[in-house]
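S.K.:
In our numbering, the protein residues as written are 2 to 490.
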């Protein structure tokens with residue numbers, strides 16, 4: 002299952018196209034596939050990042066978006082028997098898309114502002130808030146649209162830094178104005194932050210080591226009256242975002258990452274193609290939009306206003322839940338569901354599912370489960386590093402069931418449950434398959450997954466067999482005759 006991604010990065014266009022495609026590539030890998038990036042330009046820092054992620058890349062000399070470029074992509078996709086081609090960049094217009102489609106290749110186009118005059122792709126993804134199909138009046142009849150922040154592509158590392166409450170008084174500012182910042186807006190921001198009269202202010206400024214102004218920026222930072230430092234080529238932004246009380250960010254893909262983490266953010270439009278998404282975010286109250294020549298007092302007031310920062314944080318997290326890449330993969334691969342980790346708020350939902358008569362009859366202990374017992378068990382499981390509970394969500398983001406694992410060394414015992422209302426629709430095998438992929442990824446020590454099934458539960462047996470489990474032996478569980486099925490890594 003080889004995925005082909007065509008995207009470029011450079012000092013002039015920035016790193017955003019490649020970095021958001023990386024989120025898609027990670028999710029593809031998680032399902033056992035391989036990824037090949039094709040680029041006209043790819044800076045050394047991104048080459049190293051792809052190598053670290055165990056992804057391949059080829060850098061060619063074709064003019065981006067021309068006929069030879071398309072032919073090169075088609076050649077690579079056919080050689081690798083790739084089931085999907087992804088293109089991300091403003092040079093990939095109508096002719097380019099039609100060439101890919103004429104070769105019989107499924108195509109996903111990542112878009113920001115409907116730059117092409119016609120869309121021939123199978124799927125068009127625009128993750129901007131407020132994105133609507135009316136932006137694309139000319140498209141193939143078969144084109145499907147994945148629109149809005151529910152499809153935002155967020156890399157997996159950003160899940161580690163989610164926050165709940167802002168500091169009463171903000172002291173820590175993160176400045177991140179893109180990997181390259183060709184306009185050197187960073188220097189202007191440094192000068193403005195110098196005008197803020199706030200005690201104990203800490204500022205971290207992130208730039209690429211390839212930034213041609215890095216010497217000037219370092220000199221300005223060293224003269225600052227605040228505790229200010231410059232960070233270059235940061236491979237993982239999560240700790241810095243989690244540290245910050247306030248972020249000043251370019252209005253590109255970083256906004257979605259900051260929103261997921263709940264970092265109160267002021268955005269600066271550094272390129273015109275960022276305007277639509279940034280203005281829609283600002284209209285929803287998820288960020289403050291600043292002019293390049295902003296008044297520094299705006300930052301000072303926001304640092305002092307805990308309630309205002311809390312509102313920005315809450316509205317941002319409401320806009321971006323971090324599961325966009327799962328929804329995209331589900332759509333393009335034709336899967337029935339996607340998975341999310343269980344949360345404390347799922348306690349009642351899982352309790353109600355577990356007490357459905359059909360579920361109790363299939364369980365080894367068929368007695369109803371008291372609410373208080375369930376809460377104690379569920380709370381314990383959520384905090385147990387050897388337990389994994391996942392909720393299956395359908396294409397409409399409705400929960401359909403759960404899959405649970407208890408890890409014991411090289412083995413993981415699986416338990417699966419589909420709500421009665423969705424039984425018989427083929428969700429069981431998909432829930433098992435996706436769950437097994439997840440537990441094997443998150444617990445490298447696991448070599449075998451074990452399923453104990455009541456002998457008379459033929460529907461569950463069929464689902465596990467469809468998901469690649471093989472009968473091992475007869476067993477007895479809590480005085481019930483059972484069958485043990487296993488699946489190896």
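Where a beta carbon is used, it is the ideal one built from N, C-alpha and C, also for glycine.
Start and end of the alpha helix (DSSP H) containing residue 382?
M.R.: Its alpha helix (DSSP H) spans residues 372-383.
S.K.: Please state if the CB of residue 109 and the CB of residue 333 are separated by a distance shorter than 8 Å.
M.R.: Cβ distance < 8 Å, so residue 333 and residue 109 count as in contact.
S.K.: Does any heavy atom of the ligand HEM sit closer than 7 Å to the C-beta of residue 368?
M.R.: Here there are no bound small molecules, and the ligand HEM is not part of this structure.
S.K.: For my contact list, residue 147 and residue 417 are in at a C-beta cut-off of 8 Å; report their separation, rounded to the angstrom.
M.R.: Not really, about 28 Å apart at Cβ, beyond 8 Å.
S.K.: Please name the residue or residues paired with residue 233 in a DSSP beta bridge.
M.R.: BP columns for residue 233 point to 208.
S.K.: Tell me which residues share the same chain as residue 320 and place their Cβ nearer than 8 Å to its Cβ, disregarding the 5 neighbours each side in the sequence.
M.R.: Taken in chain order, the residues that qualify are 130, 150, 260, 282, 285 and 287.
S.K.: Report all residues from its chain with a CB closer than 7 Å to the CB of residue 454; omit the five preceding and five following residues, and keep chain order.
M.R.: Taken in chain order, the residues that qualify are 461, 462, 465, 483, 484 and 486.
S.K.: From what residue to what residue does the beta strand (DSSP E) around residue 415 run?
M.R.: Start and end: 412-419.
S.K.: Who are the Cβ neighbours of residue 248 in its own chain at under 6 Å, not counting the five residues just before and after it?
M.R.: Around residue 248: 175, 259, 264 and 266.
S.K.: In chain order, what residues of the same chain have a beta carbon less than 6 Å from the beta carbon of residue 395, not counting five sequence neighbours either side?
M.R.: Excluding residues within five positions, the ones whose Cβ falls inside 6 Å are 338 and 401.
S.K.: Would you call the CB atoms of residue 128 and residue 271 closer than 8 Å?
M.R.: Against a cut-off of 8 Å, the Cβ pair of residue 271 and residue 128 comes out as no contact.
S.K.: My assumption, with CB atoms under 8 Å, is that residue 89 sits in contact with residue 111. Please give the rounded CB distance.
M.R.: Confirmed, Cβ separation roughly 4 Å.
S.K.: What would DSSP say about residue 129, mapped onto helix, strand or coil?
M.R.: Reduced to three states, the DSSP call for residue 129 is coil.
S.K.: With DSSP collapsed to three states, give me the class of residue 403.
M.R.: The answer is strand: DSSP assigns residue 403 an E or B state.
S.K.: Since residue 277 contacts residue 20 with CB under 8 Å, what's their CB separation in whole angstroms?
M.R.: Wrong, their Cβ atoms sit about 19 Å apart, outside the cutoff.
S.K.: Is the separation between the beta-carbon of residue 490 and that of residue 441 shorter than 8 Å?
M.R.: Yes, they are a contact pair.
S.K.: Quick one, are the C-beta atoms of residue 206 and residue 232 less than 8 Å apart?
M.R.: In this structure, residue 232 lies closer than 8 Å to residue 206 by Cβ.
S.K.: Write down the C-beta distance between residue 389 and residue 405 rounded to the nearest angstrom, noting that I regard them as a contact closer than 8 Å.
M.R.: Indeed they touch by this definition, with Cβ atoms about 7 Å apart.
S.K.: Less than 8 Å between the C-beta atoms of residue 325 and residue 114, yes or no?
M.R.: No, these two residues do not count as a Cβ contact at 8 Å.
S.K.: Which whole runs of the alpha helix (DSSP H) in the segment 90-125 are 4 residues long or more, in chain order?
M.R.: Those alpha helix (DSSP H) runs which fall completely within the segment 90-125 and span 4+ residues are 95-103.
S.K.: Would you call residue 269 buried or exposed, if buried means 16 or more other Cβ atoms sit within 10 Å of its Cβ?
M.R.: Per the 10 Å Cβ criterion, buried.
S.K.: Applying the 10 Å Cβ sphere with the 16-neighbour rule, what's the burial state of residue 327?
M.R.: Per the 10 Å Cβ criterion, buried.
S.K.: Going by C-alpha distance, which of 193, 318 and 331 is nearest residue 296?
M.R.: Measuring from the Cα of residue 296, the nearest candidate turns out to be 193.
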